[in-house]
Amino acid sequence: MSAAGSCTRVDVTEEDFAEFAWREGWTDGLPVVAPTPARVDRLLAEVDLDRAHVVGVIGPRGGEATVERIAVNAVLAGCPPETFPVVVAAAGLLAAPAMNIAAVQATTSAATPAIIVNGPIRARAGLHGGRGALGPGYRANATIGRAVRLMLLNIGGGVPDEIDRSSHGLPSKFGVCFAENEEESPWPGLAAVRGHPGSAVTMTSIISLTNVRLPDPRPGAVDDEIAIIADALATRGHKHVQSGAGNPVLVLSPGTAAILDRSGFDRDRLAEAVFEVARRDGSGYTDQPLTRYRREGRGGRVLPYGSPDDLVVVVAGGPEPNQALILSSFVDSPVLTVPIA
Amino acid sequence: MGAITVLSPVAAAAAVGVGDVARLDGLTGRSVAIVGNGWRSWAALREPIRAALVDEHGVTGVELFDVPLGEPAPEEVLRDVAKADAAVVGLANCGSCAVATARNARWLADNGVAVLVAATQRYAGMVASLAGELPLVNLPADLEQFDDGRLATLAAELPRQIATHLGGRAR
């Protein structure tokens with residue numbers, strides 16, 4: 001029997017639990033695991049935090065993300081205990097005022113947090129950064145991403161059609177969490193370059209995912225690949241283009257990153273090259289009240305986002321040298337990285 | 001299968017709207033701030049509203065403020081807005097801007113300003129759920145599609161509604 005915590009206890013018939021959870025609005029529409037005290041305690045044992053400790057409040061409801069409540073949502077999502085430190089770190093990022101999560105939750109677009117994990121915690125938590133890292137089949141990736149969604153729902157109040165006003169929704173709202181494939185990347189890990197060389201979680205809010213097929217690049221001859229990536233980033237429908245701001249994410253397969261590296265591109269040089277090519281002739285780009293293109297001076301080229309440094313480059317996926325993925329930016333939400341205790 | 005005990009994942013909402021909302025006993029001699037966030041329709045309505053509040057309702061000064069669409073206004077901006085006796089805060093016309101508008105309005109109400117929220121019909125309930133019991137002027141859902149003529153018609157009606165909500169009386 002666990003000690004008294006912050007969460008209300010409810011008695012329910014085990015066979016009725018799935019229906020009960022659905023009726024109570026606890027779920028994302030899929031079945032959930034019953035958060036019994038014993039299951040919750042198994043997750044709590046993974047962190048050195050008091051169960052009543054408030055990690056933060058999640059908007060717009062302003063509900064308190066206590067360690068216990070985070071664990072309850074993680075159990076619901078199906079998280080194995082060893083993933084719990086990642087979930088707690090993610091909860092802290094959801095609660096960070098800079099993350100502007102209330103707007104992410106409510107926007108009429110389709111924004112959702114994306115989580116990238118670096119460092120030794122990846123192996124311990126069972127996180128996957130290889131083939132299919134953003135797809136189905138990997139328990140830690142799927143359940144951590146789902147735990148984030150359930151926290152947004154149950155703690156932050158992001159109830160669909162009430163607070164969540166996304167016109168179309170987005171499959172990614174079920175959860176986006178993956179590990180960087182540091183072992184096969186030619187470059188230092190994302191979190192390390194952001195000042196956290198150990199285990200760390202990086203979060204930003206995205207509004208779409210676009211697969212980018214590259215024409216089998218060869219070392220030393222990657223102009224086409226950079227142009228194609230730039231085209232995908234500079235599409236006018238992206239909010240980051242319409243505001244000249246935000247932090248789009250470029251996910252490169254390890255094979256693609258390796259060829260770029262052998263062609264003389266590190267992360268920074270690649271970001272600069274992509275930014276240069278992604279600038280567009282501004283004629284025909286008309287500012288509207290809610291669309292303000294950023295230009296290089298008066299009448300100059302339209303920028304795809306603020307600066308090369310704003311592009312988040314991460315390596316994940318299978319070894320193929322011709323695959324990339326672009327996660328476009330919600331804009332009104334930054335990139336934040338925190339170490340995992 | 002028997003009974004099991006489970007823990008609820010749901011957090012209670014933070015308390016909002018627990019205090020009284022300031023209400024004026026008239027607009028004559030008062031100052032009013034009108035807060036906008038980039039929507040074309042609301043930007044077009046603010047100027048005729050300003051003129052009517054001064055000409056027809058005795059308001060001594062109306063100042064217009066522009067705030068971000070998708071995030072709460074910086075507190076220094078809200079402090080400037082709060083120098084007015086009353087504020088009309090808009091426009092809640094999308095999910096993220098409804099959240100931001102609710103936050104801005106609640107901050108002003110909690111700091112003693114007589115507040116009126118401007119929201120389109122789809123977002124009025126959302127603002128109410130987030131900001132508590134604040135006066136609200138409910139605008140057409142398709143406001144952003146209004147042409148100049150329809151905006152002018154609405155602009156002729158709105159100042160009286162605003163004055164009534166804020167506690168003022170037409171002279």
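If you're matching them up, the sequences are chains A and B in order. The first sequence begins at 1 in the UniProt record's numbering and counts up one residue at a time. The second sequence begins at 1 in the UniProt record's numbering and counts up one residue at a time. Glycine included, each C-beta is placed from N, C-alpha and C at the ideal position.
Quick check on DSSP: helix, strand or coil for residue i?
{"i": "Ala44 of chain B", "result": "helix"}
{"i": "Ile101 of chain A", "result": "helix"}
{"i": "Gly297 of chain A", "result": "coil"}
{"i": "Arg279 of chain A", "result": "coil"}
{"i": "Arg213 of chain A", "result": "strand"}
{"i": "Cys94 of chain B", "result": "coil"}
{"i": "Arg169 of chain B", "result": "For Arg169 of chain B, the predicted model reports a pLDDT of 47, less than 50, meaning its position is unreliable; a value from the coordinates is still stated below. Coil."}
{"i": "Ala141 of chain B", "result": "coil"}
{"i": "Met1 of chain A", "result": "Because the pLDDT at Met1 of chain A is just 35, under 50, the model does not fix this residue reliably, and the value given afterwards should be weighed accordingly. Note: Met1 of chain A maps to coil in three-state DSSP."}
{"i": "Ile340 of chain A", "result": "coil"}
{"i": "Pro80 of chain A", "result": "coil"}
{"i": "Ile162 of chain B", "result": "helix"}
{"i": "Pro85 of chain A", "result": "helix"}
{"i": "Glu63 of chain B", "result": "strand"}
{"i": "Pro308 of chain A", "result": "helix"}
{"i": "Asn111 of chain B", "result": "coil"}
{"i": "Phe146 of chain B", "result": "coil"}
{"i": "Asn104 of chain B", "result": "helix"}
{"i": "Asn118 of chain A", "result": "strand"}
{"i": "Asp223 of chain A", "result": "helix"}
{"i": "Ser263 of chain A", "result": "coil"}
{"i": "Thr5 of chain B", "result": "strand"}
According to the Cβ coordinates, are residue i and residue j closer than 8 Å?
{"i": "Val313 of chain A", "j": "Val335 of chain A", "result": "no"}
{"i": "Gly86 of chain B", "j": "Val113 of chain B", "result": "Contrary to the premise, residue 86 of chain B reads as Ala rather than Gly in this sequence. In this structure, Val113 of chain B lies closer than 8 Å to Ala86 of chain B by Cβ."}
{"i": "Val86 of chain A", "j": "Val117 of chain A", "result": "yes"}
{"i": "Ile206 of chain A", "j": "Leu327 of chain A", "result": "yes"}
{"i": "residue 349 of chain A", "j": "Tyr305 of chain A", "result": "Coverage of chain A is limited to positions 1 through 341, which leaves residue 349 of chain A absent and any answer about it impossible."}
{"i": "Val176 of chain A", "j": "Gly145 of chain A", "result": "yes"}
{"i": "Glu272 of chain A", "j": "Pro308 of chain A", "result": "yes"}
{"i": "Leu108 of chain B", "j": "Val16 of chain B", "result": "no"}
{"i": "Arg23 of chain B", "j": "Ile34 of chain B", "result": "no"}
{"i": "Leu7 of chain B", "j": "Pro80 of chain A", "result": "no"}
{"i": "Gly317 of chain A", "j": "Ala133 of chain A", "result": "yes"}
{"i": "Glu157 of chain B", "j": "Val21 of chain B", "result": "no"}
{"i": "Leu127 of chain A", "j": "Pro113 of chain A", "result": "no"}
{"i": "Ser263 of chain A", "j": "Pro219 of chain A", "result": "yes"}
Take residue i and list the residues in its own chain whose beta-carbon comes closer than 6 Å to its own, dropping the five residues that flank it on each side.
{"i": "Pro48 of chain B", "result": "Ala155"}
{"i": "Gly119 of chain A", "result": "Gly198, Ser199 and Ala200"}
{"i": "His166 of chain A", "result": "Sequence check: residue 166 of chain A is Ser here, not His. Contacts found: Ala110."}
{"i": "Asp310 of chain A", "result": "Asn247"}
{"i": "residue 422 of chain A", "result": "Any answer about residue 422 of chain A is impossible in this case: the structure gives chain A only from 1 up to 341."}
Throw me the rounded Cβ distance for the residue i and residue j pair, which I believe falls under 8 Å.
{"i": "Val81 of chain B", "j": "Val59 of chain B", "result": "Not a contact, Cβ separation roughly 15 Å."}
{"i": "Tyr285 of chain A", "j": "Val274 of chain A", "result": "About 19 Å; that fails the 8 Å criterion."}
{"i": "Val193 of chain A", "j": "Arg280 of chain A", "result": "With 8 Å as the limit, Val193 of chain A and Arg280 of chain A do not qualify as a contact, their Cβ atoms being about 28 Å apart."}
{"i": "Gly78 of chain A", "j": "Val33 of chain A", "result": "5 Å"}
Excluding five sequence neighbours on each side, which residues of the same chain lie with their C-beta closer than 7 Å to the C-beta of residue i?
{"i": "Ile70 of chain A", "result": "Val55, Val87, Val88, Ala91 and Met151"}
{"i": "Asp332 of chain A", "result": "Asn100 and Ala103"}
{"i": "Trp39 of chain B", "result": "Leu91, Asn93 and Glu144"}
{"i": "Asp224 of chain A", "result": "Pro215"}
{"i": "residue 364 of chain A", "result": "Since the first residue of chain A shown is 1 and the last is 341, residue 364 of chain A is not available in this structure."}
{"i": "Ser208 of chain A", "result": "Ser328"}
For residue i, which residues in the same chain have their Cβ closer than 8 Å to its Cβ, ignoring the five residues on either side in sequence?
{"i": "Ala100 of chain B", "result": "Asn37, Val67, Pro68, Leu69, Gly70, Glu71, Pro72 and Ala73"}
Worksheet item: So does the region 90-98 of chain B actually touch the region 121-134 of chain B, counting three or more Cβ pairs closer than 8 Å?
Response: yes
Worksheet item: Pairing CB atoms from the region 1-11 of chain B with CB atoms from the region 105-114 of chain A, are three or more of them under 8 Å?
Response: no
Worksheet item: Is it true that the region 228-238 of chain A meets the region 144-164 of chain A, where meeting means three or more beta-carbon pairs spaced less than 8 Å apart?
Response: no
Practice prompt. Inspect the CB distances between the region 23-31 of chain A and the region 58-70 of chain A and report whether three or more fall short of 8 Å.
Written response: no
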